[in-house]
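Engineer: Each number in our numbering comes from the position in the sequence shown (counting from 1) with 301 added on.
Just so you know, even glycine gets a beta-carbon here, dropped at the ideal spot from N, CA and C.
Remember, it's a predicted structure, so these values are computed and weren't measured experimentally.
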Amino acid sequence: METILKVQDLCKSFGETRVLNNVNFEVEKGEFIAIMGQSGSGKSTLLYSISGMDRPTSGNILLFGNDIAKLNDEKISEVRLKQMGFIFQHSYLLKNLSIKDNIVLPGFKLNKLSREGVNQNVDALLAKTGIENVAGHDIKKVSGGQLQRAAICRALINQPDILFGDEPTGALNSSTSREILDIINRVNNEGTTVILVTHDVKVAARADRIIFLLDGNIHDKLTLGKYDGDKENTYLREKTLYEWLETKGF
Ligand SMILES: Nc1ncnc2c1ncn2[C@@H]1O[C@H](COP(=O)(O)OP(=O)(O)OP(=O)(O)O)[C@@H](O)[C@H]1O
Ligand SMILES: [Mg+2]
Numbered sequence: 302m303e304t305i306l307k308v309q310d311l312c313k314s315f316g317e318t319r320v321l322n323n324v325n326f327e328v329e330k331g332e333f334i335a336i337m338g339q340s341g342s343g344k345s346t347l348l349y350s351i352s353g354m355d356r357p358t359s360g361n362i363l364l365f366g367n368d369i370a371k372l373n374d375e376k377i378s379e380v381r382l383k384q385m386g387f388i389f390q391h392s393y394l395l396k397n398l399s400i401k402d403n404i405v406l407p408g409f410k411l412n413k414l415s416r417e418g419v420n421q422n423v424d425a426l427l428a429k430t431g432i433e434n435v436a437g438h439d440i441k442k443v444s445g446g447q448l449q450r451a452a453i454c455r456a457l458i459n460q461p462d463i464l465f466g467d468e469p470t471g472a473l474n475s476s477t478s479r480e481i482l483d484i485i486n487r488v489n490n491e492g493t494t495v496i497l498v499t500h501d502v503k504v505a506a507r508a509d510r511i512i513f514l515l516d517g518n519i520h521d522k523l524t525l526g527k528y529d530g531d532k533e534n535t536y537l538r539e540k541t542l543y544e545w546l547e548t549k550g551f
């Protein structure tokens, strides 16, 4: 196993307020991690710090052994564009572009492949996520689930090492949410490391491992192992997780 991410003594304060307090953990390449905890426990702050969206106050964030906390803004942007993909509760697609034009944008920006190469990758992603039929559509004319599929395509266009998500199914109904989770599990099974923040047991039960934050500290961890899509197993994983969370007053 290869370690993809090593977080060492990560602290984050906003003014006098300490939000993350000496957080340490490692993620293996190909793992799917869910970060849980009460509202205000520091989940989003942790995600933003480890993904270079925000700077930690102190500590190291080693991505394949290179400390991204020490990079200047330009280098961090480059690492994020090349090696990381992001999905949020809302898709944040650009309103005046079609679905497909939104997805190709980070590919053109990275400029590693020809435009033709990027377009081929988009077609494969659209097919994989089942939205080929709305590729040319205005983003105002598609459903929330289709928008989130498009956001996943955009996040994956540069074949990132890690896909980060903050409540990626938070705005979706339960059946659409399940479809999005199936896509995320498939992407993970194909080798992309996934790190999601969530309140939702059904989301976290898809992960290999759950990290529980309490007041900016890692309070506990639970290993569930790889998700296999089996219905009975899904139920057992959710039950195990639910009972574990109950012991934490969650
Ligand atoms: N930019 C900021 N400036 C000041 N305080 C902040 C900032 N961002 C977050 N905080 C504070 O840090 C703490 C943790 O916030 P964070 O958003 O990480 O929590 P969370 O676990 O993601 O919560 P939620 O589940 O509600 O999204 C909160 O007390 C919040 O008010
Ligand atoms: Mg949050």
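Whole beta strand (DSSP E) runs in the region 373-429 with 3 or more residues, listed along the chain?
Structural biologist: 385-388
Engineer: CB-CB under 6 angstroms to Phe389, same chain, minus the five flanking residues each way: which ones, in chain order?
Structural biologist: On the sequence shown, position 88 is the one that residue 389 refers to. Within the same chain, Phe389 has close Cβ partners Asp467.
Engineer: So Ser352 packs on Phe465, CB below 8 angstroms; how close in whole Å?
Structural biologist: Taking the sequence shown and counting its residues from 1, one reaches residue 352 at position 51. Taking the sequence shown and counting its residues from 1, one reaches residue 465 at position 164. Right, their Cβ atoms sit about 5 angstroms apart.
Engineer: According to the Cβ coordinates, are Ile334 and Arg510 closer than 9 angstroms?
Structural biologist: Here residue 334 corresponds to residue number 33 of the sequence shown, with the count starting at 1. Here residue 510 corresponds to residue number 209 of the sequence shown, with the count starting at 1. Yes, they are a contact pair.
Engineer: Could you tell me if the beta carbon of Lys313 falls within a distance shorter than 8 angstroms of some heavy atom in ligand 2?
Structural biologist: For this step, residue 313 is matched to residue 12 along the sequence shown. Flag unset: Cβ of Lys313 not near ligand 2.
Engineer: What number of angstroms, rounded off, separates the C-alpha of Leu398 from the C-alpha of Asn422?
Structural biologist: Taking the first residue of the sequence shown as position 1, residue 398 is located at position 97. Taking the first residue of the sequence shown as position 1, residue 422 is located at position 121. Between Leu398 and Asn422, the C-alpha separation is close to 18 angstroms.
Engineer: What are the residues that DSSP puts in a beta bridge with Ala370?
Structural biologist: Residue mapping note: residue 370 aligns to position 69 of the sequence shown, counting from 1. None; Ala370 has no bridge partner.
Engineer: Candidates Pro461, Glu480, Ser444: which alpha carbon is nearest Gly492's?
Structural biologist: Looking up residue 492 in the sequence shown gives position 191. Of the listed residues, the one whose Cα sits closest to Gly492 is Pro461.
Engineer: So which of Arg507, Asn518, Asn367 has the shortest CA-CA distance to Asp531?
Structural biologist: The residue given as residue 531 occupies position 230 in the sequence shown. Minimum Cα distance to Asp531 is reached at Arg507.
Engineer: Report the option in Asp501, Val495, Ile519 whose CA atom is closest to the CA atom of Val553.
Structural biologist: In the structure as shown, the chain starts at 302 and stops at 551, and residue 553 therefore has no counterpart that could be examined.
Engineer: Which residues in the same chain as Leu394 place their Cβ atom closer than 8 angstroms to its Cβ, once the five residues preceding and following it in sequence are excluded?
Structural biologist: Working through the sequence shown from its first residue, we reach residue 394 at position 93. Here the set comprises Ile400, Asn403, Ile440, Leu448, Ala451, Ala452, Arg455.
Engineer: Are there any heavy atoms of ligand 1 lying less than 8 angstroms away from the beta-carbon of Lys344, as far as the coordinates show?
Structural biologist: Position 43 of the sequence shown holds residue 344. Lys344 has its CB nearer than 8 angstroms to a heavy atom of ligand 1.
Engineer: Return the chain-ordered list of same chain residues with a C-beta closer than 6 angstroms to the C-beta of Tyr349, the five sequence neighbours on each side being excluded.
Structural biologist: For this step, residue 349 is matched to residue 48 along the sequence shown. Excluding sequence neighbours, Tyr349 sits near Asp355.
Engineer: Which stretch, first to last residue, makes up the alpha helix (DSSP H) that contains Ile511?
Structural biologist: Along the sequence shown, one-based indexing puts residue 511 at 210. First-last for Ile511: 510-515, but that is the beta strand (DSSP E), not the alpha helix (DSSP H).
Engineer: In whole angstroms, what separates the C-alpha of Lys344 from that of Leu515?
Structural biologist: The residue you call residue 344 lines up with position 43 of the sequence shown. The residue you call residue 515 lines up with position 214 of the sequence shown. When rounded, the distance between both Cα atoms is 9 angstroms.
Engineer: What would DSSP say about Arg264, mapped onto helix, strand or coil?
Structural biologist: Residue 264 is absent from the model: the chain starts at 302 and stops at 551.
Engineer: My assumption, with CB atoms under 8 angstroms, is that Val504 sits in contact with Thr548. Please give the rounded CB distance.
Structural biologist: Residue numbering aside, residue 504 sits at position 203 when the sequence shown is read from its first letter. Residue numbering aside, residue 548 sits at position 247 when the sequence shown is read from its first letter. In fact, because the Cβ distance is near 20 angstroms, the residues do not count as touching under 8 angstroms.
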